[in-house]
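Structure first, commentary second.
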Amino acid sequence: MNTAPQASALVFVAGPLRSGSTLLTLMLDRHPSIKNPGEFDFLFDAFGVDGGLAAAQATTPEQLEDFYSDHRGYLSSPQRLGPVAPVPQRLRELVSRYAEGVPRLALCIHRNFVSAHEIFPQARFIHLLRDARDCAKSAVSACFAGNVYYGLEPWMNSEESWDRLRPRLAPHQYIEVRYEELVAEPERVLTSICEFLGLSYEPQMLDLSSTTYEPPSPRFANQWRRGMSARDIGLIEARVGSMMAARGYELVGPTQRQLSAWTLMSLKLQNAVSRHRTGIQTYGVSTWMQDIVARHLGLRGLLRSTRLKMFPVKAKTLK
């Protein structure tokens with residue numbers, strides 16, 4: 020039985036972490052015909068990097084439930100998996116409950132876009148793209164990484180997943196949106212998105228007064244130009260310059276730069292030290308060390324109990 024939402028109902032907002040996806044989904048949620056219940060990466064994380072339908076079919080219900088037992092995204096979700104059934108069917112049934120009573124359901128995801136398409140083949144996609152330099156800068160500011168070189172990884176993983184998916188989509192199944200245009204001309208961009216979804220633009224989409232977010236503004240874009248060092252710009256462009264250029268972003272650093280083994284090792288060490296320092300400051304030494312030990316030794320019970328202590332703390336730091 021196919022319990023997936025109707026093709027016209029489900030749309031994935033697909034973009035990197037720190038790309039402005041929360042801002043976009045908040046504005047979509049203000050539309051009376053669109054519901055955005057939050058981030059749904061947990062739907063596909065159990066199947067590996069773009070493992071797709073085959074990986075979902077090979078996953079047992081017991082394996083999925085074990086994976087979800089300490090997954091913050093799933094545990095913070097108000098809906099739960101239904102009775103035992105093939106895993107793809109269980110996911111479709113779960114999503115269908117969110118879609119009840121709304122013309123359009125918008126789910127935000129940051130990775131594994133191929134898996135999303137294969138399990139929900141009729142779904143549409145809004146691809147949100149942002150300058151990698153801004154995403155990396157934001158990731159460091161949010162303590163997701165210790166330096167911009169590693170702060171790039173969510174952007175890289177997301178865009179590589181999109182590159183794998185886009186050739187498989189029909190033209191009517193996706194629209195591409197640049198963050199820089201969204202914050203500079205929000206009404207025009209939101210109108211285009213609404214037309215893509217078969218809806219009319221609603222002015223209330225720009226009213227974010229009930230949230231912690233400011234209304235979109237051009238000053239949100241190109242923040243890397245204000246204060247990012249030439250070294251950090253060079254590190255970013257050395258790693259993903261070709262991907263940025265292919266997406267129409269101007270490169271301002273050296274045309275070619277090969278990072279030395281020493282530089283790469285130093286960046287890796289700096290990132291690790293920063294992540295551990297942040298983890299200890301956020302969760303305390305005991306909880307952070309328990310999480311490390313549980314992950315490395317595969318102690319599922321300890322990992323589950325530790326993560327359940329960490330989730331409420333983490334939730335307070337997210338925006």
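Quick note on our numbering: the sequence shown kicks off at 20 and runs consecutively. C-beta atoms are modelled at their ideal positions from N, C-alpha and C, and glycine is treated no differently. As the structure is a prediction and not an experimental result, all values here were calculated from the model.
- Restricting attention to Pro273, Ala135, Pro51 and Ser134, the CA atom closest to the CA of Pro222 is found in Pro51.
- For Val304, the enclosing alpha helix (DSSP H) begins and ends at Val304 to Leu316.
- Rounded to whole angstroms, Ser229 and Gly57 show a C-alpha spacing of 16 angstroms.
- Cβ contact annotation for Leu216 (same chain, cutoff 7 angstroms, sequence separation greater than five): Val30 and Arg123, in chain order.
- Judged by DSSP in its simplified three-state form, Val32 adopts strand.
- Cβ atoms of Arg238 and Asp89 stay farther apart than 8 angstroms, at about 39 angstroms.
- Tyr268 is classed as buried because its beta carbon has at least 16 other beta carbons within 10 Å across all chains shown.
- DSSP places Tyr193 in the strand class (E or B) of the three-state scheme.
- Comparing alpha carbon positions, the residue from Cys127, Val332, Arg130 and Leu83 closest to Pro107 is Leu83.
- Exposed is the label assigned to Gln277, since fewer than 16 other Cβ atoms lie within 10 Å of its Cβ.
- Note that the C-beta distance between Ala33 and Phe144 is below 8 angstroms.
- For Leu126, the enclosing beta strand (DSSP E) starts and ends at Arg123 to Ile128.
- Between the alpha carbons of Ile212 and Leu110 lies a distance of about 26 angstroms.
- At least 8 angstroms separates the beta-carbon of Phe61 from that of Ala75.
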